[in-house]
Amino acid sequence: MKALKFHFVRSVILIGLRLLTKTKLQHLDRINQSEGGKAIVAANHLGMLDAAYAFRMVKRTDLIMVVAEKYRKYGFFRWLVKTLNLLWLERFEADFGTLKETLRRLERGGILFIAPEGTRSKTEALQQAKPGVAYLAAKSGAPVIPVALWGTEDRVVRQNLKSWKRSDVVLSAGKPFTIPPLPKENRAEFLEAQTHEIMAQIAALLPEKYRGVYADSPRVAELLKENS
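This is how it looks when you write it as structure tokens:
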């Protein structure tokens with residue numbers, strides 16, 4: 011029954027995406043679509059449609075997603091979280107319960123879709139990321155799959171809707187990579203460095219105007235050279 015509900019909701023979301031967007035997919039095969047095999051899909055966050063694209067990328071019913079607490083007041087989101095077994099996240103406090111449950115689901119072989127930035131970018135470019143994704147990757151040993159999305163900016167989507175146009179969206183998946191285990195000492199410095207690596211990997215997949223605070227990173231320049 012759970013799988014049927016998941017696939018029904020996913021089908022409805024995909025129909026919505028087709029009505030609203032024209033999507034170009036790049037290297038989607040890099041995201042493990044088979045059942046089992048823990049992984050973390052780390053994506054930039056430009057607009058409301060980004061979360062819907064999790065269902066475009068991941069067919070697996072063991073998809074792990076967190077939903078910000080501010081959406082609890084909406085009946086649709088409460089229903090969605092319950093139906094798809096998603097997780098609520100208290101963004102402005104240390105939500106250890108959700109963190110532990112996310113790790114448990116990863117250890118069981120789930121695939122996590124998450125935005126390291128934690129919220130939509132008001133500048134429509136990469137903003138400073140939080141260390142949560144690096145922590146989850148280091149603790150779980152799950153490979154990180156960087157994903158870049160653009161064309162999903164709320165402003166752009168709204169403008170196109172007013173003109174009865176579909177938005178052109180590009181989704182590009184990078185090569186999976188792993189983060190070393192969490193050390194016993196200097197954890198803050200370790201997480202800062204690994205968070206930068208995750209965001210550099212995402213930035214290298216994005217057009218220049220979307221790279222934001224990571225635009226001048228030497229690591230991004232190195233990755234662009236490697237991929238050229």
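Taking the numbering used here, the leading residue of the sequence shown gets 11, the next gets one more, and so forth. Each residue gets a CB set at the ideal place from its N, CA and C atoms; glycine is no exception. This structure is a prediction, so every number in the text was calculated from the model and none was measured.
Cross-strand partners of residue i (DSSP beta bridge)
i	result
S177	T31
Q239	In the structure as shown, the chain begins at 11 and stops at 238. Residue 239 is therefore absent and cannot be evaluated.
V51	F123, I155
Terminal residues of the beta strand (DSSP E) in which residue i lies
i	result
A158	154 to 160
F123	121 to 124
I41	Segment: none, I41 is in no beta strand (DSSP E) and carries neither H nor E.
V76	76 to 78
Straight-line Cα distance separating residue j from residue i
i	j	result
L35	S177	14 Å
V143	P126	6 Å
A135	N170	20 Å
I41	A183	7 Å
K69	A78	22 Å
R130	H55	5 Å
Buried/exposed call for residue i, threshold 16 Cβ in 10 Å
i	result
H206	buried
D72	buried
Q138	exposed
T112	buried
T133	exposed
Residue i: first and last residue of the uninterrupted alpha helix (DSSP H) it sits in
i	result
V167	164 to 172
L97	Taken as a continuous stretch (DSSP letters only), L97 belongs to no alpha helix (DSSP H), being part of the beta strand (DSSP E) at 97 to 99.
V143	142 to 150
Stretch-stretch touch, CB-based, cutoff 8 Å, three pairs: the segment 95 to 108 with the segment 56 to 64: No: the two stretches stay apart, fewer than three of their Cβ pairs being nearer than 8 Å.
If contact is defined by three or more beta carbon pairs under 8 Å, each pair taking one atom from either stretch, is the segment 152 to 170 in contact with the segment 208 to 218? Touching, yes.
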